[in-house]
Structures are given as C-alpha cells and as structure tokens.
Amino acid sequence: MNSLRIARTVVVKHSIEGIRTLRHSLSLLEHMKKYGTVTSFKFMRDPVNNERSGMAFVSYLHYDDAKAAIALREQSVKGLPESFESIDVSAKT
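Numbers 1377 to 1469, taken from the numbering used here, label the letters of the sequence shown in order.
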C-alpha cells in the first residue's frame, strides 16, 4: 500500500523567488489540480532559516492523475510572476 502512495506523489521544482505570497501558492495549487484530485500539497522548507527550498510535493488521489501531471515535465503556471512561471515536474522516487 505504501508504494501506491509514493506513486501518486509528484515533485514540483520551482524558483523560490516566484512563490512569495499565498496567491502565488494558490496559483500553483490550482495549476496542479487540473490533472486530478489533489490530496496533499506541501512546500519544503529549509530547516535552518525556514525559507522555502524550491520544492513542493503534490499527492493525487489516483496514480493516473500523477502520471498526467508528469507527462509534460516543464510547465508554465499562470498567476506567477512572468519570470518565474516555469516549473519542473517529476515523479517522487
């Protein structure tokens, strides 16, 4: 069962400077929701300074949703500052 949970999680790599506000975070979440039902959305933070590390983990209800999210590895997110709207999506290993 645990391996199924891992297969449903994708890693989103983004520019830290591009995700500064709650509105930007919600833009990224809305973008990832277009692939399916999101069950978990978590930004990783540096344990020393509590700044965002440039990664977010997104878990989906179904494996096929996660598979669709990583089908296009480089994606553009509307609602982020123009120079930071590029994200990189990959499978969690």
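Even glycine gets a Cβ: it sits at the ideal position worked out from N, Cα and C.
Whole-angstrom C-beta distance between residue j and residue i, which should lie under 8 angstroms
i     : j     : result
K1454 : S1403 : 7 angstroms
V1386 : M1431 : Going by Cβ atoms, the distance from V1386 to M1431 rounds to 11 angstroms, so no, they are not a contact pair.
V1414 : M1408 : 6 angstroms
N- and C-terminal bounds of the beta strand (DSSP E) containing residue i
i     : result
T1397 : Unbroken run through T1397: none, as it is neither H nor E.
S1459 : From DSSP, S1459 is part of no beta strand (DSSP E); its letter is neither H nor E.
K1389 : 1385-1389
8 angstroms Cβ cutoff met for residue i and residue j
i     : j     : result
D1464 : K1389 : yes
R1384 : Y1436 : yes
S1452 : S1459 : no
Entirely enclosed beta strand (DSSP E) segments - the region 1407-1453, minimum 3 residues: The qualifying runs are 1414-1421, 1428-1436, 1450-1452.
Check whether the region 1420-1428 and the region 1438-1452 are in contact - that is, three or more C-beta pairs closer than 8 angstroms. no
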